[in-house]
Amino acid sequence: MGEPLLVAEHLTKRFPNGVLAVDDVSLTIAKGETVGIVGESGCGKSTTARMILRLLSPDAGSMQFAGEEIGMLGRSRLRSLRAKLQLVPQNPQTSFNPRLSIGSSIAFNLQSHGWEKRRLSARIGELLDRVGLGASYSSRYPHELSGGQLQRAAIARALCTDPELVVCDEAVSALDKSVQAQVLNLLVELQRESGVAYLFISHDLTVVEHLSDRVIVMYLGRVVEEGPAAELWRNPAHPYTKALLSASPGAAGPRIKLEGDPPSPANPPSGCCFRTRCAIAINECAIERPRLRETAPSRRVACLRAEPALISAP
Amino acid sequence: MSEATTAYDMAAEVHVTSGQPERRSWHLSRVRALPPGVLIGGGIVSILVIVAIAAPLIAPDDPQAGSLLTRLQGVGTSGHLLGTDGQGRDVLSRLIWGARPSLIAGIVPVAIAGVIGTALGAIAGFGGSRLRTLLMRSLDVLYAFPAILLAIAIGATLGPGLTNVIVSLSVILIPPIARIAESEALRIRSLDFMDAARTSGAGWIRIGLRQVLPNIAPPVIVYCTALVGLAIVYAAGLSFLGLGIVPPQPDWGGTLNDLRNNLFTQPWLSLVPAAAIFIASAAFNILGDGLRELLDVRADRAK
Amino acid sequence: MSTAVAMDERTLGATLTVDDLKVTFANKRQRVEAVRGVTFGIAPGRTLALLGESGSGKSASARAIMHLDNRGVELGGQVRLGDTIVSALSESELQKVRGGLIAMVPQDPTASLDPLRRVGAQIVEVLRVHGIETNRRAARDSAMNLLSRVGIPDPSRVMRAFPHELSGGMRQRAAIAVAVACRPTVLIADEPTTALDVTVQAQVLELFSELQAEVGMSIIMVTHDVGVAREIADYVAVMYAGRLVEIGSVDDVLERPAHPYTAALVDSVPTPETKRGELHVIPGRPPGPGDTPQTGCDFAPRCKFAIASCMTMPPPLVPVGTGHLAACPVVDGLVPAELAGVAV
């Protein structure tokens, strides 16, 4: 792993309605790396992203960006941080202000970081070219663009201040598969050009696996497993990861069937949060909350029953 | 990736760019493409405003000078096209001069309430739940009274006069405008582009002016335009009750009251100021409907 | 497409046949031809996946089978269920068919369940309206049975629950219970798992297969997901811009695609072997409802193999194997390996 860019430790967020959305989540993203967070709805992946973007403040935990503590930054420092930390949101239909042209929306971001007016249109044209849209799209309004074009424009906006980390929150989930492939290729190409790091959040395992160097699997607000994408896919260690992989349509091998729905995050089970749906749960799972432990170099699992021997690749 | 932008996209691009130049210029064809509501409502409103401004030039008579010899002439009398009132004053001249205070009493309170109501609504919509509850429930208290009764109560407390009409109408118009602004703010606060705007590093004031206002303003403007019509009626009502413009200054509500006494001797005469109030009020309502269509970004009127 | 051509191997021995189905959405401003002549049949106890991207007309086709939309919609062609010509029925006769012989599971279960009534009452009503159970008590019992049949662990609680009190997966199960209550001959499922999490999606897909084995119904599964189609379907019909471009058995269509669009669609899904940043892409985007239809093949502007004739005449569906048809004159001579590289 390269030089760490973002180090988040023990992030915790409880919403006013009592839901413990994120429970002691730590993650590290290196420069130029792509880290994927995968999990089902309500697992806390989006809340984690919003805390990293400082759209939500964590109840507990610390965050460092490029070596600087950012959990408690003042307003002016936060502004310069935000140039380096950008977002590609989920829903193409609402990711642009319907009343502003694409160019004006990008100009808004540029002007937040002191770009002069006369240099704006050249910069916007260059950005739109880079994402394969062309400068003429600058004067168009969001409703005139297709979902794929809007997500390209959203990527152009995210890249306008040369960020070091872009958070993609389900950024391709709403797109048709053929268009999704175009946008995924674009993200990879831009990363190779600029060395930007991605935090890529999705419920779609195949997409996360394809794009990520490392993957974090979340369940009910906690990290249950993390490791290099390829290894995790070849050899998942946590029973939830196994079930998730085998459930994806078209997956090879026998299906591990999970019973029922995830429990309510407002009232998680004691001990291991997955034990209520786990086929190999034992009595101890209800008592002790499993810690994330290193089972192989750069692989960590939060399961009492995951054996190191089981995990090491054959 | 570059080849991903295909002929298909190119075609779409060419199509759109060719339509570009007309977006900002104002050709006659652009005017003709305006929604009929804007043309009709806007046309009548413009005429009313011109009449009000040009009153000294076009009014045939002094609106305050009467003569007992020419009392209560009917509509169509030579020299007094719309007749004269109980003091022998020319009704047409009184209507023309009366357009000034009537339009001012219609437009100014709406403008004041529009600015204050939008600001309060946006703050309530984007604020925390406690602030929102506090603001909106206090406005609900105002809203709970029938508007005209509240205006009468405030007018009666402050006394007659154009300024006091403006103050009382402004107060009663704030709650409905704030509600519109609040619901629009609530709708957009959770949309993805607000997250994108916040992660840009912009401050709240800049986000408010550049991102929020362009979304809140159109529905508020449409609503306010229609409210001007209502405010004209309310202002006339206050004058009618003696809480508005101080006589002998002419205004539509006051003129209506003057002529009311002669309803049985000159029935047509008393309808004249009522017609003026109705036309002005309807014109603003039609203009509001037209603006709703005009300000809809999705409507493609170029075709 | 003439009826003579349509009545070929696709429709022989089928429970439900759809012949030259056309759906046009019309309003004052424009007419959108969403479905432009689609023909297929489905055998008893089999599953057909209608596969396509947004705007391909797959949902409109499915809804047209049941005549679900009528305002502003013009329908053409014939839908036949056994001896009944569904497309010729009156609205009151249709109501008996709907939910009885043909049932529907929508993408969003909140759309099919009444939010103001308890789940149990809704199932009981379906059973009684279609005359399956006349006795209220018996209807309650079979509703309980149905709910436990669709994998709801606590049926008596769910009977008393309102739809919003259930999780997404449970709601979809309840909607499926309502749909299969009358043991329909044909079940139309419109993206039934798109809104669900993967693990729950797997459960629901399995439930469909189990119910099919039990009831013997045919299933038309509308989906955009190649994985879902591969998982559940016996036959796959691929739609593009309102037309069928390929139809055949799941193995033929998804493993040995004969149409460049199908091949590219299958390839645009990443597999563990795909190198990062080298996903196969189809350039451009699918045509939307506002776009003018092509005079020739709809896919031609995005197709690597397009030849001059593709631009002028829409290619007919022609057999490329046993029970496997594709609407592409060019790839007939190509081997599948070449097709896989279609849109590199």
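Protein chains in written order, with our numbering: chain S, 166 to 479; chain X, 9 to 311; chain Z, 668 to 1011.
Glycine included, C-beta positions come from ideal geometry on N, C-alpha and C.
Computed from a predicted structure; not experimentally measured.
Chain-order list of residues whose beta-carbon lies under 7 Å from that of residue i (same chain, five-residue window excluded)
i	result
Leu285 of chain S	Ala272 and Leu275
Asn270 of chain X	Leu80, Gly94, Leu277 and Ser278
Gly163 of chain X	Asn172, Val173, Ser176, Leu246 and Leu251
Val228 of chain X	Gly122, Thr126, Ile185, Ile188 and Ala189
Asp623 of chain Z	Nothing can be reported for residue 623 of chain Z: it is not among the residues displayed for chain Z, which extend from 668 to 1011.
Ser876 of chain Z	Ile899
Gln774 of chain Z	Asp857, Glu858, Pro859, Thr861 and Ala862
Per-residue burial, residue i [other beta carbons within 10 Å of its own, 16 or more giving buried]
i	result
Lys282 of chain S	exposed
His308 of chain S	exposed
Pro181 of chain S	exposed
Gly27 of chain X	At Gly27 of chain X the pLDDT is 34, less than 50, meaning the model places this residue with poor confidence; the figure from the coordinates comes in the next sentence. Label assigned to Gly27 of chain X: exposed.
Ile190 of chain X	The sequence given here places Glu at residue 190 of chain X; Ile does not occur at that position. The residue in question, Glu190 of chain X, is buried, as its Cβ has 16 or more Cβ neighbours within 10 Å.
Ser456 of chain S	First, the amino acid is wrong: residue 456 of chain S is Arg here, not Ser. Classification for Arg456 of chain S: exposed.
Ala444 of chain S	exposed
Glu358 of chain S	exposed
Glu858 of chain Z	buried
Arg866 of chain Z	The amino acid occupying residue 866 of chain Z in the given sequence is Thr; Arg does not appear at that position. Its Cβ being crowded by 16 or more others within 10 Å, Thr866 of chain Z is buried.
Leu170 of chain X	buried
Trp212 of chain X	exposed
Asn812 of chain Z	exposed
Val685 of chain Z	buried
Lys725 of chain Z	buried
Asn432 of chain S	exposed
7 Å Cβ cut-off: residues of chain S touching residue i
i	result
Arg952 of chain Z	Ser311, Gly313 and Val344
Leu199 of chain X	Thr259
Arg218 of chain X	Phe273
Pro939 of chain Z	Glu374 and Trp398
Val867 of chain Z	Asp426
Own chain partners of residue i with C-beta closer than 6 Å, once the 5 adjacent residues on each side are dropped
i	result
Thr406 of chain S	Val382 and Glu390
Val905 of chain Z	Leu718, Val912, Glu913 and Thr929
His278 of chain S	Ala248 and Thr326
Ala810 of chain Z	Gly787, Ile790 and Val791
Glu459 of chain S	Arg465
Gly951 of chain Z	Arg969
Gln251 of chain S	Ala323, Pro328 and Val331
Chain X residues whose Cβ lies nearer than 7 Å to that of residue i
i	result
Thr441 of chain S	Here the premise fails: no neighbours, minimum Cβ distance about 31 Å.
His278 of chain S	Gly209
Asp254 of chain S	Checking the sequence shown, residue 254 of chain S turns out to be Pro, not Asp. Within chain X, the residues near Pro254 of chain S are Asp200, Asp203 and Ala204.
Gln251 of chain S	Thr207
Arg244 of chain S	Gly209
Residues that residue i contacts on chain X, provided the C-beta gap is smaller than 8 Å
i	result
Arg264 of chain S	Pro222, Asn223, Pro226 and Val305
Ala248 of chain S	Gly209
Arg322 of chain S	Ala204
Residues that residue i bridges to, as DSSP identifies them
i	result
Tyr363 of chain S	S:Thr199 and S:Val331
Phe692 of chain Z	Z:Val699 and Z:Val740
Met771 of chain Z	Z:Ile855
Val466 of chain S	S:Glu390 and S:Arg458
Pro986 of chain Z	Z:Leu992
Asp98 of chain X	X:Thr92
Ser823 of chain Z	Per DSSP, none; premise fails for Ser823 of chain Z.
Ser173 of chain S	In the sequence under discussion, the amino acid at residue 173 of chain S is Ala, which differs from the Ser named in the question. DSSP lists S:Leu192 and S:Met228 as partners of Ala173 of chain S.
Contact list for residue i against chain S, beta-carbon separation under 9 Å
i	result
Asp901 of chain Z	In chain order: nothing, as chain S lies at least about 16 Å away.
Glu720 of chain Z	Asp341, Lys342, Ser343 and Val344
Residues of its chain near residue i, where Cβ-Cβ distance is below 8 Å and the 5 sequence neighbours each way are ignored
i	result
Pro393 of chain S	Asp378, Arg379, Val380, Ser463 and Arg464
Ser33 of chain X	Caution is warranted here: a pLDDT of 49 is assigned to Ser33 of chain X, below 50, making its placement in the model unreliable, and no coordinate value can be reported.
Arg440 of chain S	Pro434, Ala446, Cys450 and Ala451
Pro830 of chain Z	Pro776, Thr777, Leu780, Asp781, Pro782, Val786, Arg838 and Ala841
Within chain Z, partners of residue i - CB distance below 7 Å
i	result
Ser206 of chain S	Asp864
Beta-carbon neighbours of residue i, restricted to chain S and to distances below 8 Å
i	result
Arg807 of chain Z	Result: empty, since nearest Cβ-Cβ is about 24 Å, beyond 8 Å.
Ser935 of chain Z	Lys342, Ser343, Gln345 and Ala346
Contact set between residue i and chain X, taken where Cβ atoms lie within less than 9 Å
i	result
Leu220 of chain S	Asp203, Arg206 and Thr207
Heavy atom of the ligand FMN within 7 Å of residue i beta-carbon
i	result
Phe134 of chain X	Here there are no bound small molecules, and the ligand FMN is not part of this structure.
Under 9 Å from the C-beta of residue i: neighbouring residues of chain Z
i	result
Val353 of chain S	Arg943, Gly944, Glu945 and Leu946
Can you give, in chain order, each stretch of the alpha helix (DSSP H) that sits fully within the stretch 924–986 of chain Z and has at least 4 residues?
Within the stretch 924–986 of chain Z, the complete alpha helix (DSSP H) runs of at least 4 residues are 927–934.
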